[in-house]
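Chemist:
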Amino acid sequence: MDVLIVGGGIIGSSIAFELAKRGASVVVIERGELAQEASSAAAGMLGAHSEFSADHPLIPLALASQAAFPAVIAELRELTNIEVGWNEAGMLKLATTMEEYGELTEYYEFWRRIQPQHVRWLTPEEVVDIERNVRNEYGAMYTIDQQVDAKQLSLAFAHGAMAKGARFLPYTEAYDFIFDGERVVGVKTTSGTLYAERIVIACGAWTPMLAEKLRLSLHMYPVKGECVSVTTETPLLQTTVFAKNGCYIVPKANNRLVIGASAIAHSFTKTVQASSVHHLLARAMQIVPAIAHSTFEKAWAGIRPQTKDGMPYIGEHPQYENVFVVTGHYRNGILLSAITGRVVSDMLEEKDVPFHMTPFSLTRKGEGHALHH
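Residue 147 in the numbering used here sits at position 163 of the sequence shown; the count goes up by one each step and never skips.
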């Protein structure tokens, strides 16, 4: 095969989709079911304008990925008939204290300089006009950001790749590699050894364990994010509401609201703490008081891959020229999935990448480095 991808989440599947479209022979292995872990736990916000309040190397990628989504989703729907819950009602970013208000106005001024047509400042009265159930004293920044059903989008990428000829092998875990000089020629898995011209490691928070086998030390750690969902008799929100206190409320189909998220570093456990549920619901009710009368649906946790400097790893192994590592998207994996598939496919085909990728290299200053055994 041309390319073996280790990891069947949204990043691995988006790379497989793009490569298969370009005619490559692709196999994806996943230790469990497809679109599990962080890909299925995410709230699905495509929040390019809500994540950054100052210049950041990820902004060009985030904006390009967001812009690519309408066409990508239309293409995936045609190939797979999977509906991904596309919602373009936008996002309200709110302040709940005077200090947060000061920070939020800085957010707004930053984006007003960069993309004035994509953001708008709303007075408290204008917020009520848009979302009558939102309690707000300070006004809000409205952005054109969208949201999706993260798991359905992940599955759409996977099934779109299959429609183009890629093969997916679930319940197949990689545990070691076969080396030939400066190349990795095969991957040892629980289903036997697989050989490929190029190998992409894209298994989220679990990547460092495999990277050690490739003599690569990645400065990464898992961050558990807990979420809850509630349902209501009638719709409470149309737009996504993201408060500066860290709480977000994302409206889904059938009057369902997803509320998130905690951030518990260095945890691989997927249990949900009662205190987290209490904290999330209390903050949500502070913003949308009517949530107090909603019906509790469920709680869950996902393990997000975070890097020491907050930048994902997207690049070639410093020692093995045919191995690429793509991980560490933290809470931007859904947003960045469309562009990551294209960028990594360009890298694998040795094409020019239309972005400055040095900040995401595996050997950037203070980050991953080759181990010498």
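Where a beta carbon is used, it is the ideal one built from N, C-alpha and C, also for glycine. Note that the structure is a prediction, hence the values are computed from the model and not measured.
Pull up the CB-CB distance for L18 and A142, whole angstroms please, since I reckon it's below 8 Å.
Modeler: Working through the sequence shown from its first residue, we reach residue 18 at position 34. Working through the sequence shown from its first residue, we reach residue 142 at position 158. Confirmed, Cβ separation roughly 5 Å.
Chemist: Checking 8 Å against the spacing of the C-beta atoms, do I298 and M341 come in under that value?
Modeler: Position 314 of the sequence shown, counted from the first residue, corresponds to residue 298. Position 357 of the sequence shown, counted from the first residue, corresponds to residue 341. Yes. Within cutoff.
Chemist: Does the distance from the CB of V328 to the CB of V184 come in under 8 Å?
Modeler: Taking the first residue of the sequence shown as 1, we reach residue 328 at position 344. Taking the first residue of the sequence shown as 1, we reach residue 184 at position 200. Against a cut-off of 8 Å, the Cβ pair of V184 and V328 comes out as a contact.
Chemist: So I318 packs on G74, CB below 8 Å; how close in whole Å?
Modeler: Start at 1 with the first residue of the sequence shown, and residue 318 comes out as number 334. Start at 1 with the first residue of the sequence shown, and residue 74 comes out as number 90. Not quite, the Cβ-Cβ distance comes to about 17 Å (not below 8 Å), so this is no contact.
Chemist: Enumerated in chain order, which unbroken segments of the beta strand (DSSP E) with a length of 3 residues or greater are wholly contained in the region 253 to 318?
Modeler: 279 to 291, 297 to 300, 307 to 311
Chemist: Determine the burial state of G286: buried for a count of at least 16 other Cβ atoms within 10 Å of its Cβ, exposed for fewer.
Modeler: Numbered from 1 along the sequence shown, position 302 holds the residue referred to as residue 286. Taking every protein chain shown into account, the CB of G286 has 16 or more other CB atoms within 10 angstroms, so this residue is buried.
Chemist: Report the residue from Q131, T291, G170, A283 whose alpha carbon sits nearest the alpha carbon of G209.
Modeler: Here the question's residue 209 lines up with position 225 in the sequence shown. Nearest C-alpha to G209: A283.
Chemist: Cα-Cα, which of A38, A52, Y314, R15 is closest to E2?
Modeler: The sequence position of residue 2 within the sequence shown is 18, counting from 1. When only C-alpha atoms are compared, the closest one is A52.
Chemist: Would P289 pass as a contact of M204 if the rule is Cβ separation under 8 Å?
Modeler: The sequence position of residue 289 within the sequence shown is 305, counting from 1. The sequence position of residue 204 within the sequence shown is 220, counting from 1. Note that the C-beta distance between P289 and M204 is below 8 Å.
Chemist: Look up C211 in the DSSP assignment and give the residues it is bridged to.
Modeler: On the sequence shown, position 227 is the one that residue 211 refers to. Partner(s): G244, W284.
Chemist: Where in the region 78 to 154 do unbroken runs of the alpha helix (DSSP H), each at least 4 residues long, occur, reported from the N-terminal end onward?
Modeler: 82 to 98, 108 to 114, 134 to 147
Chemist: Identify which residue in S49, S(-2), E21, R15 has its Cα closest to the Cα of K254.
Modeler: For the purposes of this step, residue 254 is taken as residue 270 along the sequence shown, with counting starting at 1. Here the closest residue by C-alpha is E21.
Chemist: Can you name the residues that DSSP bridges to T227?
Modeler: One-based indexing of the sequence shown puts residue 227 at position 243. Per the sequence presented here, residue 227 reads as Ala, with Thr not at that position. Beta-bridge partners assigned by DSSP to A227: L78.
Chemist: Taking its Cβ as the centre, do 16 or more other Cβ atoms sit within 10 Å of K135, making it buried, or is it exposed?
Modeler: On the sequence shown, position 151 is the one that residue 135 refers to. Buried, by the Cβ-count rule.
Chemist: Taking the continuous alpha helix (DSSP H) assigned at P235, which residues delimit it?
Modeler: Within the sequence shown, residue 235 is the residue found at index 251, counting from 1. No alpha helix (DSSP H) holds P235; the beta strand (DSSP E) holding it covers 232 to 236.
Chemist: Apply the 10 Å Cβ neighbour rule to R326 and answer buried if 16 or more other Cβ atoms are within range, or exposed otherwise.
Modeler: Position 342 of the sequence shown, counted from the first residue, corresponds to residue 326. Its Cβ being crowded by 16 or more others within 10 Å, R326 is buried.
Chemist: Sort A150, V168, Q99 by Cα distance to K5 and report the nearest one.
Modeler: Locating residue 5 in the sequence shown gives position 21, where the first residue counts as 1. Nearest option by C-alpha distance: A150.
Chemist: Just to confirm my understanding: we take T64, look at its own chain, exclude 5 residues before and 5 after, and list those with CB closer than 6 Å. What are they?
Modeler: What you label residue 64 is simply residue 80 of the sequence shown in a count that begins at 1. Same-chain partners within the cutoff: A140, H143, G144.
Chemist: Alpha carbon to alpha carbon, how far is A354 from G16?
Modeler: On the sequence shown, position 370 is the one that residue 354 refers to. On the sequence shown, position 32 is the one that residue 16 refers to. For A354, the predicted model reports a pLDDT of 45, less than 50, meaning its position is unreliable and no value from the coordinates is stated.
Chemist: For H277, which residues in the same chain have their Cβ closer than 8 Å to its Cβ, ignoring the five residues on either side in sequence?
Modeler: On the sequence shown, residue 277 is found 293 positions in, with the first residue counted as 1. Answer for H277: T216, listed in chain order.
Chemist: Relative to the C-alpha of E59, which residue among A322, K335, T347 is closest?
Modeler: Against the sequence shown, residue 59 aligns to sequence position 75. Per the Cα distances, A322.
Chemist: Can you check DSSP and say which residues form a bridge with R182?
Modeler: Within the sequence shown, residue 182 is the residue found at index 198, counting from 1. In DSSP, R182 forms a bridge with V(-13).
Chemist: Report yes if the C-beta distance between S49 and K77 is below 8 Å; otherwise report no.
Modeler: To locate residue 49, count along the sequence shown from 1; it is residue 65. To locate residue 77, count along the sequence shown from 1; it is residue 93. No, these two residues do not count as a Cβ contact at 8 Å.
Chemist: Kindly give me the distance between the Cβ atoms of N229 and E84, rounded to whole angstroms, as I take these residues to be in contact under 8 Å.
Modeler: In the sequence shown, the residue the question calls residue 229 occupies position 245. In the sequence shown, the residue the question calls residue 84 occupies position 100. Right, their Cβ atoms sit about 7 Å apart.
Chemist: By the DSSP assignment, the beta strand (DSSP E) with T173 in it spans what residues?
Modeler: The residue you call residue 173 lines up with position 189 of the sequence shown. Residues 167 to 173.
Chemist: Considering only the beta carbon of each residue, do L194 and V214 sit closer than 8 Å?
Modeler: Position 210 of the sequence shown, counted from the start, is the residue given in the question as residue 194. Position 230 of the sequence shown, counted from the start, is the residue given in the question as residue 214. No, they are not a contact pair.
Chemist: Can you find at least 3 beta carbon pairs, one from the region 8 to 15 and one from the region 156 to 171, that sit closer than 8 Å?
Modeler: Segments in contact, yes.
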